[in-house]
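Chains as they are written, first to last, in UniProt numbering: chain P, 1 to 255; chain X, 1 to 222.
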């Protein structure tokens, strides 16, 4: 089984700062992976390398059995059109939502199908309404992002990613920019998706959520996978000292 | 010392003056249009990943931003015929000089507007699989234009005043007509006062309109 996504020897440097130092990972269809780690451990960079928001410095990304890019002198070479096509198959949800402020919620969600997939307007809008309903925002279709709460904006962003009918979803700290009282609605929405058997990778600081959400937990330390396993193993019975210390620091107030 | 103001030559020559104003506006309008097109082109070159294109655009922009417009007028009208044997009408020369010069300023406004759009917007578009061209057209420019419109209008007002330099090429715009009438009537003080009043009225009305537009823009989605 080669999996829906495979990373081989993935490395990423920003200048002299090596953020990812050789990541090997295979993700099977339907897996839900929570990526944990201290800030600076490279977890967001790892996620962003999967859909090439960052271009890896070395290593390969293989999606559904096909390696992305071509081997060339001095590293792999990626054509913009190939990356654009790849990104239509991988949805991404950002920490800062990044909704398009000049479009209504409906237009935000319809934009991808309409202008990238070439779906007709009526069809794209019908689909957009379905996805907005799914994240519980059917009645906000005509609202502009500035009129929505952070939690609502993030749910629209999730609907926008879903509207592309992607093969996998990447969540980059989806609740970190939210007021505490708005975190719940977004986590509920994400949990709802996990019941549909979608392949998802999620970078988060919410350990409790990771426990309920994930089928596998990965703990990153200094750009390498330090420990991985089921949520039960990694979060309740960590084998590595660093993992244990990290979890200890994050559950001080759990009671 | 008491100067006897006499505005009757102005009223007698109202026809030619208004015709001059018409020419001023005609030259301004075309220069703005051509300047906007040139400016957008220069801005996109400036932002292109090609280093050569970017540096070439930068050289043009900085050259035209930092040299006096009168020199551009003379260079095109008197210089080109000598250098490469291309001579053109005063209107065409003025149009070229004005639109290239304002294109250089417009380019910086366009570029500034485009780069002012947050990184997250570019990433959100790319993450949906948009090509760079589509991203620019659907996501970046619609937002950037709202920020560009006030400085673009400001610069266009500047251009309208700069058209007066076309008088030096004997193009029959408002100032040139005024110079002719002043030399015939020996009433330069009154004639040039009238010119100032006409420019002021047109641009003041336009700036009232601009405030209205800015108000509408501010009322938008943000």
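In this text, a Cβ means the ideal position worked out from N, Cα and C, and glycines have one as well. Treat the numbers as computed from the prediction; the structure is a model and nothing was measured.
- Comparing C-alpha distances from residue 15 of chain X to each of X:79, X:210 and X:172 shows the shortest one belongs to X:172.
- Here residue 154 of chain X is not bridged, per DSSP, to any residue.
- The three-state reading of DSSP puts residue 28 of chain X in helix, counting H, G and I together.
- Under the Cβ criterion of 8 Å, residue 107 of chain P is not counted among the residues facing chain X.
- Counting only runs of 4 or more residues that sit fully inside the stretch 59-132 of chain X, the alpha helix (DSSP H) segments are 69-74, 80-84, 90-115 and 119-127, in chain order.
- In this model, residue 37 of chain X and residue 28 of chain X are separated by some 14 Å (Cα to Cα).
- Residue ranges of uninterrupted beta strand (DSSP E) with 3 or more members, entirely inside the stretch 197-240 of chain P and ordered along the chain, are 199-203, 216-221 and 224-229.
- Within 10 angstroms of the beta-carbon of residue 4 of chain X lie fewer than 16 other beta-carbons, which makes it exposed.
- Annotated three-state conformation of residue 55 of chain X is helix, per DSSP.
- With contacts defined by Cβ atoms closer than 8 Å, residue 102 of chain X and residue 35 of chain X form a contacting pair.
- For residue 137 of chain P, no beta strand (DSSP E) segment is defined, and its DSSP state is neither H nor E.
- For the pair of segments examined, the stretch 53-69 of chain X was found not to touch the stretch 120-132 of chain X: the number of CB pairs separated by less than 8 Å stays below three.
- Nearest neighbour of residue 102 of chain P by Cα position, chosen from X:143, X:68, X:210 and X:55, turns out to be X:143.
- Pairing residue 52 of chain X with residue 45 of chain X, the inter-Cα distance amounts to about 9 Å.
- The continuous alpha helix (DSSP H) containing residue 185 of chain X extends over residues 174-185.
- Here residue 201 of chain P is near residue 35 of chain P, since their CB atoms are less than 8 Å apart.
- Within chain P, not a single residue places a beta-carbon under 9 Å from that of residue 209 of chain X; the smallest gap is close to 23 Å.
- Chain order gives the chain X residues near residue 96 of chain P as 120, where near means a beta carbon separation below 7 Å.
- The beta carbon of residue 124 of chain P sits closer than 6 Å to those of 110, 113 and 114, all from its chain and outside the five residues before and after it, given in chain order.
- If you draw a straight line from the Cα of residue 190 of chain P to the Cα of residue 32 of chain P, it comes to about 11 Å.
- The contact set of residue 139 of chain X on chain P, defined by CB atoms closer than 7 Å, consists of 100 in chain order.
- Annotation: the stretch 54-97 of chain P contains the following complete segments of the beta strand (DSSP E) (minimum length 3 residues), in chain order: 58-63, 70-72, 75-77 and 90-93.
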